[in-house]
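Just so you know, the sequence shown maps onto residues -25 to -1, 1 to 234 in mature numbering (1 follows the signal peptide of the UniProt record, and there is no 0).
Yeah, the Cβ is synthetic: ideal placement off N, Cα and C, and Gly gets one too.
Input: a single structure, listed below in structure tokens.
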Amino acid sequence: MFQLAVRMKVFCLFAVFALIVCCQGRQYRPDEIASIARLAPAVGIRAPLSSHVKNLKVNMNDFVDRMMEKARDFMLENGLDPMQLPDTVEKFEVTDLIGIKWQGELDLVKGWLQDLSTIFRTGDVSVVYKDKKMHIEAEIGFKDLVFNYDFTARVMKLSESGMVNGKASDVKIVFKAIADIFTKTIALDDLQISHVGDIDIQFNGLGTIANFIVDKLTEVVIALFKEPILEMVETEVRKTLEDVLANIDIGDIIGGFRY
């Protein structure tokens, strides 16, 4: 009976290795299998692999959720919500239906971006174990980001002033981090905005300016949001996560590893 139990444990352990190899999408050399084993907790006859995989995913999701909680606090404590936007002057040109070109400029001042502190995890976290490190990838984001500017629109001899309000929905960011299971440290590896949903723009105060000019002004503001404003968002989220990762305990997500 003892020999049978030993054989069954050995069989289960090799089954763990085989399934992890398949999940990684490539064949591992025999010397790599030993290091892959460290990703799995000790396997007993009554402990199915699926439960370990599920627990690892839950642990990583919880870990990123805690990161987002700390990130929200950091943003509020450091004046990032609301975040002041730089003043800008955007020149534009538009042609009307009869071929006349209209030139103008849009002055935008006293701008603010809100809701950075609503950042949250938007999907399951993925983990790959390679070179004795955990490579973590997660998608985070914002349900909405809202912003506003005071504006003055000048078109030929016309001039109107007021406020422009914008809302961007479903802004998503993918970040990658690397955790060293020996030093118990984790650092940000990459971060990029991966998706932006609908962007709604509303001008208040344009008076009798023609609709085709309003449409052009809307395009100008959308372009402003997609480039310089989102670049600011990406930069500030990166700085925030770097600070969070430098001060977070990762012992609970690597404590079960056997080196």
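Would you kindly report the start and end of the unbroken beta strand (DSSP E) that includes residue i?
i, result
"E65", "63 to 70"
"I73", "Where I73 is concerned, there is no enclosing beta strand (DSSP E), given that its DSSP letter is neither H nor E."
Leaving out the 5 sequence neighbours to the left and right, which residues in its chain are closer than 6 Å to residue i when beta-carbon positions are compared?
i, result
"E211", "L55"
"F95", "M43"
"V39", "R96, V100, A113"
"L205", "I168"
"Y124", "L83, G86, V139"
"E209", "I168"
"K45", "V219"
"S92", "R47, M50, L51, D56"
"R213", "L166"
Residues bridged to residue i by DSSP?
i, result
"F95", "G116"
"L163", "A152"
"F126", "L83, G137"
"K108", "K105, D155"
"M58", "L88"
"S144", "D119"
"F178", "V139"
"residue 257", "Because the chain here runs from -25 to 234, residue 257 falls outside it and cannot be looked at."
Tell me the residue span of the alpha helix (DSSP H) that contains residue i.
i, result
"I204", "Per DSSP, I204 belongs to no alpha helix (DSSP H) and is neither H nor E."
So, at 8 Å on beta carbons, what are the nonlocal neighbours of residue i in its own chain, with the 5 sequence-adjacent residues on each side left out?
i, result
"F200", "F122, G141, A143, I174"
"I153", "K108, M109, H110, I111, I161, A162, D164"
"G98", "A113, E114"
"N179", "G137, M138, V139, N140"
"G116", "I94, F95, T97, D145, V146, K147, I148, H170"
Got a sec? Which residues, its chain only, sit under 7 Å from residue i by beta carbon, not counting five neighbours each side?
i, result
"N222", "none"
"T127", "D82, S134, S136"
"I197", "I174, I176"
"D224", "none"
"G226", "K159"
"L88", "P57, M58, L60, L120, F122, I204"
Let me confirm a value: residue i is counted as buried when at least 16 other C-beta atoms fall within 10 Å, else exposed. Which label applies?
i, result
"D90", "buried"
"G86", "buried"
"L220", "buried"
"I75", "exposed"
"V64", "exposed"
"K191", "buried"
"I156", "buried"
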